[in-house]
Structures are given as structure tokens and as C-alpha cells.
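If you count the sequence shown from 1, you need to add 1 to reach the numbering used here. Think of the CB as a built atom: it goes at the ideal place given N, C-alpha and C, for glycine as much as any other residue.
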Amino acid sequence: MPLFSRCFILSIAYFSFQLTNADLVELDTNPNSVSADRIDQLTRTLAEGSFGNVEEKVVVTAKEAEEAAEKVPMFIDPKEYKALGIKSSYKIYGDSEIWYLPESQEYAEQKYFSNNVKFFKLLGSDVALFADMDDESATDDDYWTVNCSKDRITDEKIYLMGKYEMMFIRSSKTGWMFSVSKELKQLNPTQYQYIRIDKAPALRSRNFFKGQQTLNIIEQMKKGNTAYTRFYEWSGQYEETIPLKGFSIAYNTLNIMYSKL
């Protein structure tokens, strides 16, 4: 498979964002309990027939309330894993939680880290997503993505990690590469491509950063706060500012997934 085609594997992660950006809530059998979770709040509000700041009451039937409750993700107790056929080896993190998603009828692994970055991955999926839950202005692009694949013929492992346009590539055959743009065919090889982490000196390369260059960038990003890129495609010059919160978690997860594939 051409490297350019592999790079577009990242795009398959986008369909999962709505699941990732949604809060998962544990079902509570006590109707008087209060949860701060947005989904739980919405379900309870819908069942009660009003929307806080809206004066007009909305009449909701018992059937509609039941249907709304059925859409709420459900926490799976670890004691139920065996009965459900869920093996510990399916999980990336031993202390993560498993939730059932009724609407898609799938199981998902979720973990909140100490910096309030949320890790999300459907069981059996090769895509992991990382969202900064403190960023209230986050859009559909504001998350780190890790995607893995294994060539059926050569057994080559290919791992992609990225946010916005930037992309890291780890191959079991060729090692590490990094590009400031995933539109690889559109990069102008006659121009330098730049990346700068915080106030450190900018690094530049024509086309890809390879090998040790990429590892140096990773180490800077693990310790940094913001990455700035400038790249030249045939259509013109582009720049991006990339918050680095969650990068270290995504990078560590990539290495765990790499070892499991």
C-alpha cells in the first residue's frame, strides 16, 4: 500500500468523534439522585418535562422517557466481563472503564487522566481518541487521534498519530516519520516545512522529518505547551497553532497499542 494511501487512514477516525465528545454516564436507579453529567441531565430533564430556563412545560410520555433512557451509555461492572465475553486483553489500560453504547450496540473503553484528558476507544477498533475535557470551545478537530493497522502480506505495523494537519507515522519497517501536513502529495518539496515548540528554535525540513529528527520533535512536544507549524503546499502557505495537551497520553497509548498488535 503506498505511504500516501496509508496516511489517509486517519480520516476514518472522524466518524467516532461524536461518541468521544459525549460524556458517558452510569445509570442510576435512584430517581432522586443528581448527576452533573450533561447526558444524564438531558435525560432527566426530558423525563421531567421541562428545560430549566424554558418556561413552557413539555409533556413527555412514559414511552418517550423510556426511549431516551435507553440511549444513555451504561457502565459495565468488571464482574460482568466474563459473562459478556470481554477479556482484559481487549483493554489498553488496566484501570479503564468499559461502557455499553445502546444506540450503536458496541462496547467502548474510556479513561480520564489526571489532567482531564479523556481516552476513548471502541473495543475491537483500531482508532483511539483523546479529548481535552477542559476545553469548552473544542470543535470536531480538537482531539488527538491514534490509528493502527497491520499489513496482511508483509506484517508491517503502521501507526498514525495526529491532530489537525500534523501527523506522526511509526512503521515497523521504516521507523518514525513526521509531517506538518497529512496532505503529503500537496506539499511543495522546493520549500522548507517548519515546526516550533513553544520558544525553542524552529526545526525545518523539505517534505518529511525522519528518524532522529522526529524523535527530537516528540521529546519537545512531550514537554511543551504549544506547537506552531508553517508549511507550503502547491496551493499556498499555511500555518497552524496546535495545543499539546494530551499529546504525551496519545504518544504513550500509541506505544501500548503498537506492542499489542
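Extent of the continuous beta strand (DSSP E) run through residue i
| i | result |
| --- | --- |
| residue 98 | 98-102 |
| residue 84 | No beta strand (DSSP E) contains residue 84, which is instead part of the alpha helix (DSSP H) from 82-85. |
| residue 146 | 144-151 |
| residue 206 | 204-206 |
| residue 130 | 128-133 |
| residue 123 | 118-123 |
| residue 138 | Where residue 138 is concerned, there is no enclosing beta strand (DSSP E), given that its DSSP letter is neither H nor E. |
| residue 161 | 158-164 |
| residue 180 | 176-180 |
Contact check, residue i vs residue j, beta carbons under 8 angstroms
| i | j | result |
| --- | --- | --- |
| residue 101 | residue 91 | no |
| residue 93 | residue 258 | yes |
| residue 222 | residue 204 | no |
| residue 130 | residue 144 | yes |
| residue 242 | residue 196 | no |
| residue 120 | residue 250 | yes |
| residue 210 | residue 232 | no |
| residue 96 | residue 112 | yes |
| residue 247 | residue 118 | yes |
Bridge partner(s) assigned by DSSP for residue i
| i | result |
| --- | --- |
| residue 234 | 188 and 237 |
Beta-carbon separation (whole angstroms), residue i vs residue j, contact threshold 8 angstroms
| i | j | result |
| --- | --- | --- |
| residue 262 | residue 158 | 6 angstroms |
| residue 163 | residue 186 | About 16 angstroms separates the two Cβ atoms, so there is no contact after all. |
Span of the alpha helix (DSSP H), counted from its first residue to its last, around residue i
| i | result |
| --- | --- |
| residue 249 | 248-261 |
| residue 220 | 213-224 |
Cβ-based burial, residue i [other Cβ within 10 Å; buried from 16]
| i | result |
| --- | --- |
| residue 215 | buried |
| residue 84 | exposed |
| residue 170 | buried |
| residue 236 | exposed |
| residue 260 | exposed |
| residue 254 | buried |
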